[in-house]
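Asks: Chains as they are written, first to last, in the numbering used here: chain A, 51 to 387; chain B, 51 to 387; chain C, 51 to 387; chain D, 51 to 387.
4 protein chains.
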Amino acid sequence: MIIVMKAGRPQSEAVKIMTELEARGLKPVPLYGVERTVIAVIGEERDLDMSHLQSFEGVDKVMRVVKPYKLVSIETHPEPTIIEVNGVKIGSQQLVAMAGPCSVESEQQMECAAAKLAEMGIKILRGGAYKPRTGPYSFQGLGKEGLQILKETADRHKMAVVTEALDVRDLDEVCKYTDIIQMGARNMQNFELLKELGRIKKPVLLKRGLSATIEELLLAAEYILAHGNNEVILCERGIRTFEKDTRNTFALATVPLIKELSHLPIIVDPSHATGKRSLLAPMTKAAIAAGADGFIIEVHPNPEEALSDAEQQITPEEFEKLYENLKPIAEAVNRHF
Amino acid sequence: MIIVMKAGRPQSEAVKIMTELEARGLKPVPLYGVERTVIAVIGEERDLDMSHLQSFEGVDKVMRVVKPYKLVSIETHPEPTIIEVNGVKIGSQQLVAMAGPCSVESEQQMECAAAKLAEMGIKILRGGAYKPRTGPYSFQGLGKEGLQILKETADRHKMAVVTEALDVRDLDEVCKYTDIIQMGARNMQNFELLKELGRIKKPVLLKRGLSATIEELLLAAEYILAHGNNEVILCERGIRTFEKDTRNTFALATVPLIKELSHLPIIVDPSHATGKRSLLAPMTKAAIAAGADGFIIEVHPNPEEALSDAEQQITPEEFEKLYENLKPIAEAVNRHF
Amino acid sequence: MIIVMKAGRPQSEAVKIMTELEARGLKPVPLYGVERTVIAVIGEERDLDMSHLQSFEGVDKVMRVVKPYKLVSIETHPEPTIIEVNGVKIGSQQLVAMAGPCSVESEQQMECAAAKLAEMGIKILRGGAYKPRTGPYSFQGLGKEGLQILKETADRHKMAVVTEALDVRDLDEVCKYTDIIQMGARNMQNFELLKELGRIKKPVLLKRGLSATIEELLLAAEYILAHGNNEVILCERGIRTFEKDTRNTFALATVPLIKELSHLPIIVDPSHATGKRSLLAPMTKAAIAAGADGFIIEVHPNPEEALSDAEQQITPEEFEKLYENLKPIAEAVNRHF
Amino acid sequence: MIIVMKAGRPQSEAVKIMTELEARGLKPVPLYGVERTVIAVIGEERDLDMSHLQSFEGVDKVMRVVKPYKLVSIETHPEPTIIEVNGVKIGSQQLVAMAGPCSVESEQQMECAAAKLAEMGIKILRGGAYKPRTGPYSFQGLGKEGLQILKETADRHKMAVVTEALDVRDLDEVCKYTDIIQMGARNMQNFELLKELGRIKKPVLLKRGLSATIEELLLAAEYILAHGNNEVILCERGIRTFEKDTRNTFALATVPLIKELSHLPIIVDPSHATGKRSLLAPMTKAAIAAGADGFIIEVHPNPEEALSDAEQQITPEEFEKLYENLKPIAEAVNRHF
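1. Would D/VAL91 be called buried (16 or more neighbouring beta carbons within 10 Å of its own) or exposed?
2. Within 10 Å of its beta-carbon, does C/HIS350 have 16 or more other beta-carbons around it, so buried, or fewer, so exposed?
3. How about the segment 128-146 of chain B and the segment 68-80 of chain C: do they share at least three Cβ pairs that are nearer than 8 Å?
4. In whole angstroms, what separates the C-alpha of A/LEU379 from that of A/MET333?
5. D/HIS102: buried (16+ other C-beta within 10 angstroms of its C-beta) or exposed?
6. Starting from B/PHE300, find everything on chain E with Cβ-Cβ shorter than 7 Å and list it in chain order.
7. Count the other C-beta atoms from every protein chain shown that fall within 10 angstroms of the C-beta of D/HIS386, then say buried if there are 16 or more, exposed otherwise.
8. Spell out whether any CB of chain D is found under 8 Å from the CB atom of A/MET160.
9. By alpha-carbon positions, which one of C/ARG59, C/PRO151 and C/ILE52 ends up nearest to C/MET113?
10. Decide if B/GLN363 is buried, meaning its Cβ has at least 16 other Cβ atoms within 10 Å, or exposed.
11. Please determine, among D/ALA360, D/HIS127 and D/LEU372, the residue with the shortest C-alpha to C-alpha distance to D/PRO151.
12. Where do the ends of the beta strand (DSSP E) carrying A/GLN158 lie?
13. For B/MET209, name the three-state secondary structure that DSSP assigns.
14. Mapping the DSSP letters down to three states, classify A/PHE241 as helix, strand or coil.
15. Does any residue of chain D have a CB that is nearer than 8 Å to the CB of C/PHE241?
16. I believe A/LYS294 touches C/THR263 by the beta-carbon criterion, under 8 Å. Please report the beta-carbon distance rounded to the nearest angstrom.
17. With distances taken from CA atoms, which of D/PRO353, D/ALA337, D/SER358 and D/LYS371 is nearest D/LEU145?
18. Near D/LEU167, which residues of its chain fall below 6 Å by C-beta distance, leaving aside the five closest residues on each side in sequence?
19. Sort out for me which residues DSSP pairs D/ILE388 with in a bridge.
20. Just the Cα atoms here: how many angstroms apart are D/LEU76 and D/GLU94?
21. I need the boundaries of the alpha helix (DSSP H) containing A/MET51, first residue and last residue.
22. Select from the segment 274-300 of chain D all residues with a C-beta closer than 7 Å to any C-beta belonging to chain A, and list them in chain order.
23. Could you tell me which chain C residues have their CB closer than 7 Å to the CB of B/VAL54, listed as they occur along the chain?
24. Cβ atoms of B/GLU370 and B/MET170: under 8 Å apart, would you say?
25. Any beta-carbon of chain D closer than 8 Å to the one on A/LEU268?
26. Hey, is B/ARG236's beta-carbon within less than 8 Å of any beta-carbon in chain A?
27. Measure the CB-CB distance between C/ALA235 and C/LEU255 and report whether it falls below 8 Å.
28. If you follow the alpha helix (DSSP H) that A/PRO378 is in, where does it begin and where does it stop?
29. Just to confirm, is the Cβ distance from A/LEU357 to A/SER123 under 8 Å?
30. Since C/ASN352 contacts C/HIS322 with CB under 8 Å, what's their CB separation in whole angstroms?
31. At least one CB of chain A closer than 8 Å to the CB of B/SER261: is that the case?
32. Decide if A/VAL282 is buried, meaning its Cβ has at least 16 other Cβ atoms within 10 Å, or exposed.
33. Does the beta-carbon distance from A/VAL109 to A/MET55 come in below 8 Å?
34. Within the same chain, show all residues whose beta-carbon is closer than 7 Å to that of D/LYS173, passing over the 5 residues directly before and after it, in chain order.
35. Below 8 Å on the Cβ atoms is my guess for C/LYS335 versus C/ASN375; work out the distance and round it to an integer in Å.
36. For the segment 179-199 of chain C against the segment 210-222 of chain D, are there 3 or more C-beta pairs whose distance is under 8 Å?
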């Protein structure tokens, strides 16, 4: 850690901080410049709350030297983490494709979607039973009934399930029906839920929050690992910016950046990242080219009748075309489905 | 609702949508322009999912005409809502001052803060027992022990308590110790918690999320009202932007804007909105001048030893000075503490 | 245009607006709902200033129906615009690669970069002679001397030149030395410069501003076309967001979105969009996969000695590797260099 | 400056950088930690380009210790700069009120606005003759004719003039007609114009760019001071964020923050910062309470007929009421008009 003192302040202020640092077992090294004093701190800074030091008299700013996360860091664990679900090795050269409707609406809708997806070779079926909706008057999902439909449909087609848990009280119930537990963007910093996920023995799909930095995404994953679950799949799903022509801003550079910082797999959610059906194909290609480990896409047998997110869902036929067009890109970067 | 069709498309596409609208009991009015058709929809659009229509063939965009919230709207309830806590009428001409440490750390710390605050006439004591922290290695709060210390200290000084609930499972427990339940910024869209708050008979302090729009803040409040609790105090606490020199960007215009849109009281949290001790006094004055119904500020007997948010907490002495300086501003806008 | 009146207002307010609209040759169609009146306007709304109507008594909001640009729109000109520079057909199936140092620093530096780039088949050499720098104490470019070095080096290797003009007074001079005139992000809304570019007979590379919406980018291009120059190449170079781990946020979805809205070619600038050398290769691949018409990348013979943007420049050797790796991606989307 | 090396890298990389630093006359101090090496640099870092060092092998990040500006800094010049215009001492206890129409539209319009404003005691008249408009089809201002009308009207009422210059070629002409030259938000980083302003002997009103950080605003001012003109008035006019319910986000904390960092006066532009007439009064009060040195507000005799920004202009009567209501606030913070 580096502590920058304000210009022209008495040396006693720096001394007071150094005494405090030494009392905490750290080694401060003062650097007396012409204008100001800078204190470099040697030792384990992760355990020290920065804001604490910021409040000392005479401090201009406190700057971290190391990343605040450990377990998710590539420095701690240089080998990529590979998570196997229904025969797909997520994080390996193999790419993962997760697809299905935004919300579970009926048996027939799920059957129709799943049958076609399974036929294309898709191994993981998505579908929301508990839906986080901005307003209280929107469709909130079928709840437990939705979970049952989802699970039965997936079983029939030998698919695994990925679905979202919203409420810490439903977590055990959701776990009975799903193979991957999804943490939605709005819950990325629901720390109580993250802690519980650490105790679960299922892979977690952790979506980036709407305004979460990459560091915060990794710290959210760190919560899960620190509480005992190493199987976290990160997901870039777009961030909120001033741009209004797309639902969110698809910050695709997150993918190669995460690959530099962490050993965890990272996939993309182009449906939410763009919010526009016509952008799905080009942006999914882009994601594969950028090094993503796969994607999760919303596919609905009849988007015009969808109860949520209709404008970003595609038909199984549209998805099939998209999926076929991804294969040459995957090959070009030495990956395969 | 207004549905704009793409330019130069066959009329049949518009007809298909109009048929759908009529089937749902709405009255579509087509407007045939030179370039394109626009369909105006007469009827209750709140019950209709916009995204559904967006997915029809030939649709360029769907635009809402009315706000998506009802119960929180000033159109529904033109009189301001006044919420009384410990003799303070929040939302009236009287301003509310809530103050206390970021985290409850010890009996001594709370006693020291509360004694001085009570002496100044502060009626509501804040303090966090459950702390949402970005990383898992930071101090997470004293939990139930913290609640007890908080409540006992407040009782001793005839103060009311405001504290945060993070976990839906702790809600009933927290309610035993607090007079106002705080929903933190990260939980503004924790919809399960919002629904539960609707069933509670205590006022809720609902903080704006880091990247929540004003409409989303009002919709979060709408969840609480729609589930049965009308006592919601809104709170502007800064939003996340590109600016790095302040912790958040204090979007103060939210205050007069909310006053135009809603009957609910709105206060500010200058501690989180700025993240800088030196900005608290000018920005709290600004908030009162802008029409805020009060504020919540972090006050710690010894910020240099605080376990969280040290750089934005002030001493009771600093707070006293700030508080005194607010009074002439309050008077200038015909308000009082 | 749609004008939404506030709820419960007297009809006379709507009538006043309709009279005004008719006086301007437009046809207003009133729609009387239960709560409020909505006025749909038939006619050419582009010539009408929206804000004007917003200020009438009783108006809640004014919503545009059509895009505010015409000449750049794909509706006006459905065929893609192809711009030929030094044998490269920008906007066709052929991809364009522009490369070279951030700043022209010396003859030797430019010769070293150009010789290697020309050998790889790169046809367009970039280099800044006038540099827009955030602070006045940073290297501001070699100016006219830089232009001469750039032009002579390019000529020697049969390359075309792309360089930035900052000052409207230098425009004619810059035009003597360059084949494509670059408008930097900070100048995207320098409207005086845009108007002058309309009178120039050279292609313009128009970079998206740091916080410009896609609509504003297209309106900036519209200025150039409206003033007589149809040869505009758009460029996505990242936008400013809260994210700090990359220099900018590479909003790659802009590429396919522009393809839907406009006939103009669009390339990407991954150097500025990411600001990190290690992200260049994956993000350039992603851009090609997403449908970009090419890219402009910073290549310096010795980045460690660069006078600007050192951290995002790569060596010619690194560029060669990147360039080779792009070819399979290009092929996968039926494009070629 | 602090240079953080990556973890586990050979010491030779740090040595190479230290050699480079010494060659530039700086004193590097290496700190060998357990995981990594950190190099603290003693000396004048402002002259050193950070990005240069970032590109060295093994460097993780380079962190500045001091601010990149000098002349505008309060450390260099602890006394506030006071700029006198038409008897108003801007930056003193006296507050400045600048008011007038967005655009100069006609003699009659200006006369009507100025007569009423002068009567209230307003000393500085605003009005745009050259208008930066997002699209080429909007009203672009009356140009030189506008300047003449503006100047004649102001003279008649013994008012000073503030108006915008857009084009470096018009600067001398604009200077003949104005007392304060306005740099609009879109031109804040038009560095060629900033340099020319340094050579002018008139005060400059420098508006913050739409996505400029506070540091960038101060660096833009630094350009003007470094080129010879010390009379710069800063202006907060809102930044661009995700929020859609206001035109911009009024980042009012900029005001007290600038007061900590710089000796230059700072005023606010609530018209552009909010874009909504109804928010002007509360937000101007807030600005005065926060310590702003004054404001610039758009006042039009008939906003319904305004050719630009109609929704944010108020009538002279509305302005008079606002102005009267500001006086008690000013008094409460020991300021006066």
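Here a beta-carbon is modelled for each residue, glycine too, at the ideal position from N, C-alpha and C.
Replies: Considering the structure as presented:
1. buried
2. buried
3. no
4. The question names Leu, but residue 379 of chain A in the sequence shown is Ile. About 12 Å.
5. buried
6. Going by chain labels, chain E is absent from the structure shown, which instead holds the protein chains A, B, C and D.
7. exposed
8. no
9. C/ILE52
10. buried
11. D/ALA360
12. Unbroken run through A/GLN158 is the alpha helix (DSSP H), 157-170; no beta strand (DSSP E).
13. coil
14. helix
15. yes
16. 6 Å
17. D/ALA337
18. ALA149
19. A query on residue 388 of chain D cannot be resolved here, the shown segment of chain D reaching from 51 to 387 and no further.
20. 7 Å
21. No alpha helix (DSSP H) holds A/MET51; DSSP gives it neither H nor E.
22. ARG290, THR291 and PHE292
23. VAL115
24. yes
25. no
26. yes
27. no
28. 366-382
29. no
30. Not really, about 20 Å apart at Cβ, beyond 8 Å.
31. yes
32. buried
33. yes
34. ASN136, GLY137, VAL138, MET209 and ALA210
35. 7 Å
36. no
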